[in-house]
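Input: a single structure, listed below in structure tokens.
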């Protein structure tokens, strides 16, 4: 058994040995030693004294690390970079030895060795020392149980299995994200950062790393909160199958109880509109879908005329005009009242015209619905489309209709081919619905692009696409799951950050489905958490280990034989007991200091690590428009007045 939590008694023998060595060297006559022998004795005593000093310093150093760790700052220029490894910080692989040491710190008799001395307490009490001695909180013993730390690396190939980072607010998730993003950008990967709430420091770091790597031209900023400075993106304009358009919109609608039926109706009509738009050579966007959901008649007329121009005999226009002239509204069924005579004439002409066009059939079926009834069955999609097509973000996410807009338009396949760097600010604090709809549409688009890359490639080298999803509980939906379990083969690697797993379960609304999501993350990094269920996600995956405890037993027994001359018998025993305990407990994760974490890497290897604080690049490196955005993100938002 180790005995490191004790006084450094080696110093006594070290002092005695070094004193004797000095005496043998300088005054050998005092020890009655001849000259040659005195030199040998001095060397031996000096070596013994040095050995005992080293042993004492090991005890003192161990005790010091249990109380406080030195700050870990890393200049950006010294950040390690490896083509096949990912640097996570400094730390050590956790084993039974560290569980034993951690349990030893809980014994009452050793607490005096874990408290700072009078001088340290005096310094901490001074106001001038508060800033420089700001403690990271938590229990320093969790990292101090191993004074010899090393650089911790993760195999880059493991990232294709995706990484989950859990930690409560303000404990280092963003610091870890900056560390990983900096390496991904420097390595030349395609990097996509989703930031639902808007962290100015994260945006600064992403741009600064792009500039440092000479990749300014590859940087794209998409931000719903600052549309005037943002690139544009059509969330439903790129797809592998036309049905994806309706799915991306309908998936944002409620799906519980009676809402499920209305969601299916909405999907059907959005799909009819999307198919017609594509057949007409138009790119679907939110504005077009919203326009034709409110009034499908213009789309029906346009498509019907194109269809007849292609398939009908000459003279069909005059025949349609003749039918329109004979239409009397009082003779129309209720469902068609209020419709234009031209649209009704086209429908009647087509009913007697042989056709095999499913798009046209869908438009006719939608056109025949009573307008009041139609409005009711698609009412669930109306409020969502209103939010997505309201200025100023309408031009941002429905590009192609506003002429003269100089803002560039990006699409994911082009970004990946360019090895671009995209910061996606979703401004969820302003409107969660819009942020969720755009974010989930982006995820669905990425899944579609991943399928295309998996089947056809990108026309160049196989890409590495690093996706960092901060506060991913705000983003997760049905689109996120296939991104995890199907996109890895296309070079996609997702790193998701959230505070508790209950946030994810609440967002999904189904514990089994949340477990399905968790099962797709092969790497788990857990900082300080405040929920036991979240902490157990890591501790339940660890084995039990054997620890030892020392018990002192003393006893006295009266003698049963008075004539023997022995009045009593005493005994003193030191018993070493062995029992099994969990390698880590949830309570250990709740008291982690800021900037520290436990990580399950490469098949369940448990590592204790702490992340470096990377020095921030000067803000003047940012372009003026980006400085304005970061300053706007840092300012408190004014309260809205009703």
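In my numbering, the protein residues as written are 1416 to 2057.
Note that beta-carbon positions come from the ideal geometry of N, C-alpha and C, so glycine has one too.
None of the values given here were measured: they were computed from a predicted structure.
For the alpha helix (DSSP H) containing residue 1871, name the first residue and the last one.
1847 to 1871
If you run the structure through DSSP and keep just helix, strand and coil, what is residue 1649?
coil
What span of residues does the alpha helix (DSSP H) with residue 1518 cover, start to end?
1511 to 1519
Taking residue 1928 as part of the alpha helix (DSSP H), name the residues at either end of that continuous run.
1926 to 1933
Please report the straight-line C-alpha distance between residue 2038 and residue 2044, rounded to a whole angstrom.
10 Å
Tell me, please, which residues DSSP counts as bridged to residue 1973.
1983
What residues in its chain sit with their C-beta under 8 Å from that of residue 1781, if we drop five residues either side in the sequence?
1684, 1687, 1711, 1715 and 1789
The alpha helix (DSSP H) that contains residue 2046, what's its start and end?
2039 to 2049
If I follow the unbroken beta strand (DSSP E) through residue 1502, where does it start and stop?
1500 to 1508
Can you tell me where the alpha helix (DSSP H) holding residue 1810 begins and where it ends?
1809 to 1812
From residue 1999 to residue 1523, what does the alpha carbon distance come to, in whole angstroms?
20 Å
Determine the closest residue to residue 1508 out of 1567, 1502 and 1482, with distance taken between C-alpha atoms.
1567
Residue 1943 (DSSP reduced to helix, strand or coil):
coil
Beta-carbon separation of residue 1940 and residue 1580 under 8 Å?
yes
Output the boundary residues of the beta strand (DSSP E) element that contains residue 1581.
1578 to 1581
Pull the bridge partners of residue 1949 from the DSSP assignment, please.
Looking at the DSSP assignment, residue 1949 forms no beta bridge with any residue, so it has no partner.
Residue environment, residue 1418, which counts as buried when at least 16 other CB atoms sit within 10 Å
When all chains shown are included, residue 1418 counts as exposed.
Judging by CA-CA distance, which residue of 1751, 1609, 1828 and 1530 is the nearest neighbour of residue 1912?
Taking only the C-alpha atoms, the option nearest residue 1912 is 1609.
Three or more C-beta pairs closer than 8 Å, one from the region 1571 to 1590 and one from the region 1900 to 1916: is that the case here?
yes
Taking only three categories from DSSP, how would you classify residue 1992?
strand
Here's the rule I'm using: 16 or more other beta-carbon atoms within 10 Å means buried, otherwise exposed. How should residue 1427 be labelled?
exposed
Continuous alpha helix (DSSP H) assignments of at least 4 residues falling wholly in the region 1657 to 1741:
Fully enclosed alpha helix (DSSP H) runs of 4 or longer: 1658 to 1665, 1674 to 1694, 1701 to 1709, 1712 to 1726 and 1731 to 1740.
State buried or exposed for residue 1623, treating a residue as buried only when at least 16 other CB atoms are found within 10 Å of its CB.
buried
Could you tell me whether the Cβ of residue 1941 comes closer than 8 Å to any Cβ of chain B?
Absent from the structure: chain B. Only one protein chain is present.
Among residues of its own chain, excluding the 5 on either side of residue 1528, which ones have a beta-carbon nearer than 6 Å to its beta-carbon?
1420 and 1478
Find the nearest neighbour of residue 1569 within the set 1925, 2020, 2029 and 1707, judged by alpha-carbon distance.
2020
8 Å Cβ cutoff met for residue 1514 and residue 1879:
no
Meets three-Cβ-pair contact criterion under 8 Å: the region 1659 to 1666 and the region 1639 to 1646:
no
Applying the 10 Å Cβ sphere with the 16-neighbour rule, what's the burial state of residue 1856?
That one is buried.
Excluding the five sequence neighbours on either side, which residues of its own chain have a C-beta within less than 6 Å of the C-beta of residue 1731, listed in chain order?
These residues qualify, in order along the chain: 1723.
Excluding five sequence neighbours on each side, which residues of the same chain lie with their C-beta closer than 7 Å to the C-beta of residue 1793?
1680, 1681, 1684 and 1708
Suppose contacts are defined by Cβ-Cβ distances below 8 Å. Is residue 1950 in contact with residue 2004 by that definition?
yes
Using the Cα positions of residue 1433 and residue 1620, report the straight-line distance between them to the nearest angstrom.
54 Å
Quick one, are the C-beta atoms of residue 2007 and residue 2014 less than 8 Å apart?
No, the Cβ-Cβ distance between residue 2007 and residue 2014 is not below 8 Å.
Can you tell me where the alpha helix (DSSP H) with residue 1790 in it begins and where it stops?
1786 to 1792
Alpha carbon to alpha carbon, how far is residue 1815 from residue 1902?
A straight-line Cα-Cα distance of about 29 Å links residue 1815 and residue 1902.
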